[in-house]
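*Asks:* Residue numbers for the sequence shown follow the numbering used here, so the first one is 233 and each next one is one higher. Glycine residues also receive a C-beta, built at the ideal position from the N, C-alpha and C atoms. Being a predicted model, the structure only gives us computed values, none of them experimental.
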Amino acid sequence: MNKIISKLIKEHSLTLNEYQKLTCGYNEELAAVLRDEAVRLRKEIYGNAVYIRGLIEISNICKNDCLYCGIRKSNGLFERYRLSSDEILECCDYGYTLGFRTFVLQGGEDGFFTDEYLCELVAKIKKEHPDCAVTLSLGERSEESYKKLFHAGADRYLLRHETADSDHYSKLHPENLTFENRISCLESLKKTGFQVGCGFMVGSPYQTPEAIAKDLKFIEEFKPDMCGIGPFIPHKDTPFRDYPAGSVDFTCFLLSIIRIIKPDILLPSTTALGTLSENGREKGILSGANVVMPNLSPEEARSRYMLYNNKLNTGVESAEKLEELKQRINAIGYEIVTDRGDIKK
Ligand code: SAH
């Protein structure tokens with residue numbers, strides 16, 4: 233194990249086999265060693281700054297039927313909504329006054345959002361807030377569409393790869409969604425010029441140690457600017473309702489490994505971590521994460537954007553409680569800054 237650890241620290245790269253051995257060797261002692269290195273690297277590049285992103289959940293209407301996701305098309309047990317452009321702009325204006333300099337527009341794959349509509353919206357946000365970054369997280373679109381959005385001013389795009397094992401991918405998604413297409417979208421996004429984020433769920437049903445090793449190898453080779461990982465959490469109205477949630481501590485262990493693989497990566501401590509554990513967000517930061525994404529969506533939208541059970545949207549998850557979040561981050565030795573928070577290459 234010591235050989236693998238020193239190789240990872242020195243070369244930021246392992247073979248699939250080594251990644252698997254490393255993650256299977258997970259225990260608190262090993263986690264502490266990797267955490268120290270992850271925190272050291274993170275401090276070297278980002279000091280003690282924590283970047284914030286204002287998350288705006290623009291629609292819970294989705295044409296897809298991902299088996300894990302609460303807002304999947306087949307779930308008829310909740311109310312659907314879509315924010316108007318004016319509502320989204322209001323969220324940005326409010327977020328700006330709170331100190332947000334990045335807005336993340338996330339949503340289901342809602343056919344209403346044509347390229348023309350989204351380009352106009354992005355251009356408006358960038359015109360009103362030229363010092364802010366706009367991140368989109370709206371799923372799979374064509375390369376043409378990604379190009380238009382980029383030229384309209386969008387800076388970043390988040391599209392989790394969900395799992396880098398194609399068999400596993402097919403167990404998490406309906407037949408019409410393929411691993412090949414997911415990866416080809418990520419390649420297109422990169423080619424277009426976006427800062428790109430990938431990521432996966434930890435502890436999703438059917439996830440094997442091989443799949444996790446492939447996720448880490450994928451991150452090493454794809455070299456994303458951002459990477460969102462969070463524990464899987466079951467949603468009661470999905471086919472995965474009876475599967476157990478992923479582990480907070482194991483997610484934090486993987487955050488440390490990802491920081492070591494790519495020291496300059498923008499790594500969020502996700503809402504799912506905060507949902508499963510009262511101090512999950514802090515644990516993520518202390519394991520090497522450097523981003524948090526409080527919720528800026530209007531109140532009515534939040535309770536309807538339920539990707540999984542009990543998803544947090546109040547307390548320190550909400551933008552209104554930014555002061556409290558700031559204090560909690562200060563208490564562990566870090567500082568939330570007013571900054572676009574681009575990757576420092
Ligand atoms: N439609 C967009 C946004 C999806 S929601 C897209 O396809 O990218 C954002 C992320 O939430 C997903 O990529 C997924 O990794 C995560 N997610 C969805 N359901 C979840 C669950 N039950 N538990 C944990 N994370 C979940």
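1) Does the distance between the C-beta of Arg473 and the nearest non-hydrogen atom of the ligand COA fall short of 7 Å?
2) Under 8 Å, with one C-beta from each stretch per pair, do the region 308-319 and the region 543-550 reach the 3-pair mark?
3) Check each candidate in Leu409, Lys235 and Leu248 and name the one with the smallest Cα separation from Thr440.
4) In the region 245-291, which residue ranges form an unbroken beta strand (DSSP E) of at least 3 residues, counting only runs that do not cross its ends?
5) Can you give me the start and stop residues for the beta strand (DSSP E) that Gln559 sits inside?
6) Look at the alpha carbon of Glu341 and the alpha carbon of Ile293, and state the distance between them as a whole number of angstroms.
7) Figure out for me which residue from Arg513, Ala533 and Asn541 has the closest Cα to the Cα of Ala563.
8) Flag this pair as yes or no: are the beta carbons of Gly516 and Gly478 separated by less than 8 Å?
9) Express the C-alpha separation of Lys494 and Asn522 in angstroms, rounding to a whole number.
10) Which residues bound the beta strand (DSSP E) around Ser369?
11) At a threshold of 7 Å, does Cys301 count as lining the ligand SAH (C-beta to nearest heavy atom)?
12) Using a threshold of 7 Å, is the CB atom of Ser479 nearer than that to any non-hydrogen atom of the ligand SAH?
13) Strictly by DSSP, which residues pair up with Ser550?
14) Report the partner residues of Arg314 according to the DSSP bridge assignment.
15) Compute the minimum distance between the beta carbon of Tyr579 and the heavy atoms of the ligand SAH, and state whether it is under 7 Å.
16) Is Ile288 near the ligand SAH, in the sense that its beta carbon is under 7 Å from a heavy atom of that ligand?
17) Can at least three beta-carbon pairs, one atom from the region 551-560 and one from the region 501-508, be found at a separation below 8 Å?
18) Among Tyr438, Glu567, Ile575 and Gly573, which residue has its Cα nearest to the Cα of Asn280?
19) To which residues of the same chain is Gly425 closer than 8 Å at the C-beta, ignoring the five residues directly before and after it?
20) Among Gln338, Ala355 and Gly343, which residue has its Cα nearest to the Cα of Leu370?
21) Among Pro362, Phe344 and His361, which has the Cα closest to the Cα of Lys295?
22) Hey, is the region 408-427 in contact with the region 459-474, meaning 3+ C-beta pairs nearer than 8 Å?
23) Is the region 441-454 touching the region 239-254 in the sense that three or more CB pairs, one from each, lie closer than 8 Å?
24) Kindly indicate which three-state DSSP category Glu372 falls into: helix, strand or coil?
25) Apart from the five residues on each side of it in sequence, which residues of its chain come closer than 6 Å, Cβ to Cβ, to Val569?
26) Helix, strand or coil: how does DSSP classify Leu539 here?
27) What are the residues that DSSP puts in a beta bridge with Gly462?
28) Measuring from the CB of Arg312, is there a heavy atom of the ligand SAH at a distance below 7 Å?
29) So what's Arg414 in DSSP terms, helix, strand or just coil?
30) Kindly list the residues whose CB is nearer than 6 Å to the CB of Cys298, restricted to its own chain and excluding five residues on each side of it in sequence; keep chain order.
31) Buried or exposed for Tyr349, going by 16 or more other Cβ atoms inside 10 Å?
32) How many Å lie between Val524 and Ile284 at the Cα?
33) In three-state DSSP terms, what is Thr470?
34) Kindly indicate the opening and closing residues of the alpha helix (DSSP H) around Tyr236.
35) Just to confirm, are Gly286 and Pro526 a CB contact at a threshold of 8 Å?
36) Which value, in whole angstroms, describes the spacing of the CA atoms of Glu412 and Tyr378?
*Replies:* So, to answer that:
1) Inclusion of the ligand COA in the displayed structure is not the case, the ligand content consisting of the ligand SAH alone.
2) no
3) In the sequence shown, the residue the question calls residue 440 occupies position 208. If we check each option's Cα against that of Thr440, Leu248 comes out closest.
4) If we require 3 residues or more, the beta strand (DSSP E) runs fully inside the region 245-291 come out as 281-284 and 286-291.
5) In the sequence shown, residue 559 corresponds to position 327, counting from 1. Counting along the chain, Gln559 falls outside any beta strand (DSSP E), though it belongs to the alpha helix (DSSP H) covering Leu554 to Ala563.
6) One-based indexing of the sequence shown puts residue 341 at position 109. One-based indexing of the sequence shown puts residue 293 at position 61. Glu341 and Ile293 have their C-alpha atoms spaced approximately 7 Å apart.
7) For the purposes of this step, residue 563 is identified with residue 331 of the sequence shown, where counting begins at 1. Residue Arg513 is the option with its Cα nearest to Ala563.
8) Counting from one through the sequence shown, the residue named residue 516 turns up at place 284. Counting from one through the sequence shown, the residue named residue 478 turns up at place 246. Result no, Cβ atoms of Gly516 and Gly478 do not sit closer than 8 Å.
9) Here residue 522 refers to the residue found at position 290 of the sequence shown. Here residue 494 refers to the residue found at position 262 of the sequence shown. Whole-angstrom Cα-Cα distance: 13 Å.
10) For the purposes of this step, residue 369 is taken as residue 137 along the sequence shown, with counting starting at 1. Note, Ser369: beta strand (DSSP E), Ala365 to Ser369.
11) Numbered from 1 along the sequence shown, position 69 holds the residue referred to as residue 301. Correct: Cys301 has its Cβ closer than 7 Å to the ligand SAH.
12) Residue 479 sits at position 247 when you count from the first residue of the sequence shown. No.
13) Position 318 of the sequence shown, counted from the start, is the residue given in the question as residue 550. BP columns for Ser550 point to Asn527.
14) Start at 1 with the first residue of the sequence shown, and residue 314 comes out as number 82. Paired residue(s): Ser291.
15) No answer is possible for residue 579: the residues shown for the chain start at 233 and end at 577.
16) Taking the sequence shown and counting its residues from 1, one reaches residue 288 at position 56. Not a single heavy atom of the ligand SAH lies less than 7 Å from the C-beta of Ile288.
17) no
18) For the purposes of this step, residue 280 is taken as residue 48 along the sequence shown, with counting starting at 1. The residue with the shortest Cα to Cα distance from Asn280 is Glu567.
19) What you label residue 425 is simply residue 193 of the sequence shown in a count that begins at 1. So the qualifying residues of the chain are Phe382.
20) The residue you call residue 370 lines up with position 138 of the sequence shown. Shortest Cα-Cα distance from Leu370 to any of Gln338, Ala355 and Gly343 involves Gln338.
21) For the purposes of this step, residue 295 is taken as the residue at position 63 of the sequence shown. Of the listed residues, the one whose Cα sits closest to Lys295 is Phe344.
22) no
23) yes
24) By 1-based counting over the sequence shown, the position of residue 372 is 140. Per DSSP, reduced to three states, the secondary structure at Glu372 is coil, with no helix or strand assignment.
25) For the purposes of this step, residue 569 is taken as the residue at position 337 of the sequence shown. Answer for Val569: Ala281, listed in chain order.
26) Locating residue 539 in the sequence shown gives position 307, where the first residue counts as 1. Note: Leu539 maps to coil in three-state DSSP.
27) The sequence position of residue 462 within the sequence shown is 230, counting from 1. Paired residues: Met433.
28) Here the question's residue 312 lines up with position 80 in the sequence shown. Outside the cutoff, so no.
29) For this step, residue 414 is matched to residue 182 along the sequence shown. Here Arg414 sits in helix by DSSP.
30) In the sequence shown, residue 298 corresponds to position 66, counting from 1. Excluding five sequence positions before and after Cys298, the CB atoms of its chain that fall closer than 6 Å to its own CB belong to Arg304 and His405, given in chain order.
31) In the sequence shown, residue 349 corresponds to position 117, counting from 1. Tyr349 should be labelled exposed.
32) Counting from 1 along the sequence shown, the entry for residue 524 is found at position 292. Counting from 1 along the sequence shown, the entry for residue 284 is found at position 52. The straight-line gap from Cα to Cα measures roughly 5 Å.
33) Here residue 470 refers to the residue found at position 238 when the sequence shown is read from its first residue. It is coil, neither helix nor strand.
34) By 1-based counting over the sequence shown, the position of residue 236 is 4. First, the amino acid is wrong: residue 236 is Ile here, not Tyr. Taken as a continuous stretch (DSSP letters only), the alpha helix (DSSP H) holding Ile236 covers Asn234 to Glu243.
35) The count along the sequence shown starts at 1 and reaches residue 286 at position 54. The count along the sequence shown starts at 1 and reaches residue 526 at position 294. Yes.
36) Working through the sequence shown from its first residue, we reach residue 412 at position 180. Working through the sequence shown from its first residue, we reach residue 378 at position 146. Their backbone Cα atoms lie some 17 Å apart in a straight line.
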